[in-house]
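The next block holds one structure in the form of structure tokens; read it before the comments.
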Amino acid sequence: VLATAALAAVASAPPPWEQRRVAVHVSRACAARLRALGYEAAHDPSGFTTAVVYESEVARCSYTARAGAVAVIFAEGGDRAPLGVGLFDPLSPVRVRLLAHGATDTPVDAAWVAARVAAATAERAALFADAGEGGEETTGYRVVNGEHDGLPGLVVDRYGDVAVAKAYAACWLPWAGHIADALVTAGAAPRVALLTSREIARLPAADRLGLEHGAALHGPPLEPSVPFLEHGLAFRCDPVSGQKTGFFLDQRDNRRRARDLCRGMDGPRVLNVFSYSGGFSLYAADGGAREVVSVDAAPRAVADAEAHFEANARRRPAVAAARHEGLVGDAFEAMAALTAGGRRFDVTVVDPPAFAQRAKSEGPALAAYRRLAALAARATRDGGVVVLASCSARVDAEAFGRAAEQGVKDAGRRLEVWERTGHAADHPVRAAGGRPYLKAVFGTVHV
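Next up, the structure:
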């Protein structure tokens, strides 16, 4: 069911792969970078790449192509051997997102996209094939992880019976109907909805092909609250107005670790800062925490956490037994106030948003992480555990770990790190040139 008039118009237009391919000639420096990434991709089992061509690197194009056209990249002034094939985007500073290095004998068309979607869907289905055993069913996970599944600028998350496809590049908009068909055919979900990045949302309607953020591609329009399960716990999210695609699915494995941690304690008190809708909080309660405090600056997020506790209390005895307190406020101020009030916790979880969006933000971001680690240490009892996370891609794991340890030291304590983790398994980082963005430190605080 093509659920919007705009999508019907897109579907009636000539398919993007039927446009004449655009030859994009790039600078020598760009060509050298692409060749290096191509060498790396050739020696990786996936063959995927993070390679892109920026507007400033384009010397000339063979014609003025529309977004979504297939681009073939050549070195300006070099030989005629293609450097790669990708999708063209005249509406973005990222002019081409590479799909493959070198020449390709396989046409980039609906069948090509369907094959990559099918492979990603099958991989995730295998990951969660046994997840329903023992009441641990999971129906919320990432299906397509951008360039790490060979589809750069596109992510797809499943929430129950809905696949939420988020386009971070306008080059995918002409392909929207074909992506939806591929997801349904592969069995990712019977319903498909489209989200767009803020950059795309700001484009004129004509450049967006009339497609709106939240448009239904297959099936009925999205409800404001979409249900799904994660390790047997019931959650709801709002893909249209929520963070990312509605939930932080990349932290699933770390939430489970936190639950296992609580199960090894005797009714711990848990503090969850930057709690969003209470993911870590609910897992802690399910693990036997007797008291859980969730802190977030957004009133709606705290209300959603309360709703998650209420819904799960009816089906999970441990959640029903836990006392949950939701606090709306600044994370830094809230931790300081809790400490000043004499409250101490057995487990403190700090999972802030990305602090370093640009390279120049790395220093301030590390300073903020260090300060948060100090506040978390002061809020944690001697022998308690802190879980400190970062989703800033520009901050590497080693630098983050040092900031965490130094922050705890600033508080007059010592951090004994016993586990460092990253992405959940459905968020692979395997494309050439890729770097993990999520990292977490689990450690015991000693006075």
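Using our numbering, you'd call the opening residue of the sequence shown number 644 and step up by one each time. Even for Gly, the Cβ is constructed at its ideal location relative to N, Cα and C. Note that the structure is a prediction, hence the values are computed from the model and not measured.
Query raised in the report: Whose C-alpha, out of Q1049, G830 and R767, is nearest the C-alpha of A1068?
Result: R767
Query raised in the report: Under 8 angstroms between the Cβ atoms of G922 and Q894?
Result: yes
Query raised in the report: Taking the Cβ atom as the reference point for each residue, do G727 and G681 lie within a distance shorter than 8 angstroms?
Result: yes
Requested in this report: Quick one: residues in its chain with C-beta nearer than 8 angstroms to the C-beta of A646, no 5 flanking neighbours on either side, listed in chain order?
Outcome: In this prediction, A646 has a pLDDT of 49, which is less than 50 and means its spatial position is unreliable; what the coordinates show is noted afterwards. These residues qualify, in order along the chain: A858, A859, L860, H861, G862, P863 and P864.
Query raised in the report: According to the neighbour-count rule (16 or more other Cβ atoms, all chains shown, within 10 Å of its Cβ), is A1083 buried or exposed?
Result: buried
Query raised in the report: If you check the beta carbons only, do L730 and L742 fall under 8 angstroms apart?
Result: yes
Query raised in the report: Taking the C-alpha atoms as reference points, what is the distance between G1076 and H1066?
Result: 17 angstroms
Query raised in the report: Pick from V737, R785, R678 and G830: whose alpha carbon is nearest that of K809?
Result: R785
Query raised in the report: When DSSP labels each residue in this structure, what does E779 get in the three-state scheme?
Result: coil
Query raised in the report: What is the rounded straight-line gap between the Cα of R759 and the Cα of E790?
Result: 11 angstroms
**Report entry** R678: first and last residue of the uninterrupted alpha helix (DSSP H) it sits in
**Finding:** R671 to A685
Query - Simplified DSSP state of P864, which is helix, strand or coil - result: coil
Requested in this report: Using alpha carbons as the reference points, say which of G1055, Q1049, W1061 and T991 lies closest to V1029.
Outcome: T991
Query raised in the report: Which residues in the same chain as R987 place their Cβ atom closer than 7 angstroms to its Cβ, once the five residues preceding and following it in sequence are excluded?
Result: A1022, T1023 and R1024
Query raised in the report: On the premise that L1031 lies in contact with A1017, defined as a C-beta separation below 8 angstroms, what is that separation, rounded to the nearest angstrom?
Result: Incorrect: roughly 11 angstroms between the Cβ atoms, too far for contact.
Requested in this report: Would you mind giving the Cβ-Cβ distance between D973 and A944, rounded to the nearest angstrom? I have them listed as a contact below 8 angstroms.
Outcome: The pair is not a contact, with the Cβ atoms about 13 angstroms apart (cut-off 8 angstroms).
Query raised in the report: Can you list, in chain order, the residues of its chain whose CB lies under 7 angstroms from that of H821, leaving out five sequence neighbours each side?
Result: A753 and V756
Report task. Use the C-beta contact count for P657: other C-beta atoms within 10 angstroms, 16 or more gives buried, fewer gives exposed. Result -> exposed
Query raised in the report: Is R900 helix, strand or coil when you go by DSSP?
Result: helix
Report task. Please confirm if the segment 924-933 is in contact with the segment 899-916, defined as three or more CB-CB distances below 8 angstroms between the two stretches. Result -> yes
Query raised in the report: Going by other Cβ atoms of all chains shown within 10 Å of its Cβ, with 16 needed for buried, is F917 buried or exposed?
Result: buried
Requested in this report: Measure the C-alpha to C-alpha separation of R841 and E855 and round it to an integer number of angstroms.
Outcome: 11 angstroms
Query raised in the report: Could you give the residue range of the beta strand (DSSP E) that holds S1033?
Result: T1023 to S1033
Query raised in the report: To which residues does DSSP link A808 through a beta bridge?
Result: V799 and L837
**Report entry** Extent of the continuous beta strand (DSSP E) run through A974
**Finding:** Taken as a continuous stretch (DSSP letters only), A974 belongs to no beta strand (DSSP E), being part of the alpha helix (DSSP H) at A974 to A983.
**Report entry** DSSP-derived helix/strand/coil call for S937
**Finding:** strand
Query raised in the report: If you draw a straight line from the C-alpha of R664 to the C-alpha of P996, how long is it?
Result: 40 angstroms
Query raised in the report: Under three-state DSSP, which class holds A1075?
Result: strand
Requested in this report: Along the beta strand (DSSP E) that carries F917, what are the first and last residues, could you check?
Outcome: Neither: F917 is in no beta strand (DSSP E) and is coded neither H nor E.
Query raised in the report: Measuring from the CB of L892, is there a heavy atom of the ligand COA at a distance below 7 angstroms?
Result: Judged by which ligands are present, the structure shown has none, so any question about the ligand COA falls away.
**Report entry** Residues sharing a beta bridge with C880, DSSP
**Finding:** V869
Query - Best match in A672, P750 and V798 for proximity to A763 [C-alpha to C-alpha] - result: V798
Query raised in the report: If you draw a straight line from the C-alpha of D687 to the C-alpha of E953, how long is it?
Result: 46 angstroms
**Report entry** Cβ pair L1009, A948 closer than 8 angstroms
**Finding:** no
Query - T828 classed as buried or exposed, judged by whether at least 16 other C-beta atoms fall within 10 angstroms - result: exposed
**Report entry** Where the beta strand (DSSP E) through L854 begins and ends
**Finding:** Per DSSP, L854 belongs to no beta strand (DSSP E) and is neither H nor E.
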